[in-house]
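Last residue of the sequence shown: 1552 (my numbering), numbering continuous. Only one structure is covered here, and it is reproduced in the block below.
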Amino acid sequence: MCVLPKHFSIYVYIGVLNTLIHWGVFLTLHSVLSVGQLVSNVCAFAVAATFSFYANSRYNFKRTASWARYLSFIGFMAFLSLAIGWLGDELAMPGIVTLFVFSGVSLVVGYFYASYVVFRGTAT
1429 MCVLPKHFSI
1439 YVYIGVLNTL
1449 IHWGVFLTLH
1459 SVLSVGQLVS
1469 NVCAFAVAAT
1479 FSFYANSRYN
1489 FKRTASWARY
1499 LSFIGFMAFL
1509 SLAIGWLGDE
1519 LAMPGIVTLF
1529 VFSGVSLVVG
1539 YFYASYVVFR
1549 GTAT
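Given below as structure tokens:
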């Protein structure tokens, strides 16, 4: 039986909440308020990623939040989002496929980046 590390399990839980927040903000802005997809997605990313950073900082890695950590996390995740969005455009993938690819890749890659760069040195 494979047992996931405690930090990864918590990261997944926070990631699910992050996804719900992202989709909720996006759908509210785009579908209810008729804001364009670009602005809706950027706003949704900013709100959800900020939640994810602070939740992981406090409840998962138990590290003090700082501007340097915040900017490192947000910058990396934004770059990852842009890279996967670019790849989706280049490969002409349907938007929903790009969304699921980003969700999976960002979960795994984001966890390792948070663990070994943003919140490095955290005791388990």
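Backbone N, C-alpha and C define an ideal beta-carbon position, used for all residues, glycine too.
Is the distance from the Cβ of residue i to the Cβ of residue j below 8 Å?
i, j, result
"Tyr-1541", "Phe-1489", "no"
"His-1458", "Ala-1476", "no"
Could you give the distance in angstroms between the alpha-carbon of residue i and the alpha-carbon of residue j?
i, j, result
"Phe-1454", "Ala-1506", "16 Å"
By the three-class DSSP mapping on this structure, what secondary structure does residue i have?
i, result
"Phe-1547", "coil"
"Thr-1552", "Because Thr-1552 sits at a pLDDT of 47, beneath the cut-off of 50, its placement in the model cannot be relied upon, and the point is left open."
"Gly-1532", "helix"
"Ser-1480", "helix"
"Ala-1474", "helix"
Does any CB atom of chain C fall closer than 8 Å to the CB of residue i?
i, result
"Trp-1451", "In the displayed structure, chain C is absent; only one protein chain is listed."
Smallest Cα separation from residue i: which of the options?
i, options, result
"Phe-1528", "Ser-1480, Glu-1518, Ser-1509", "Ser-1509"
"Ser-1500", "Ser-1543, Gly-1464, His-1450, Ser-1468", "Ser-1543"
"Ala-1493", "Phe-1547, Gly-1443, Leu-1519, Ile-1438", "Phe-1547"
"Gly-1513", "Val-1533, Thr-1526, Tyr-1487", "Thr-1526"
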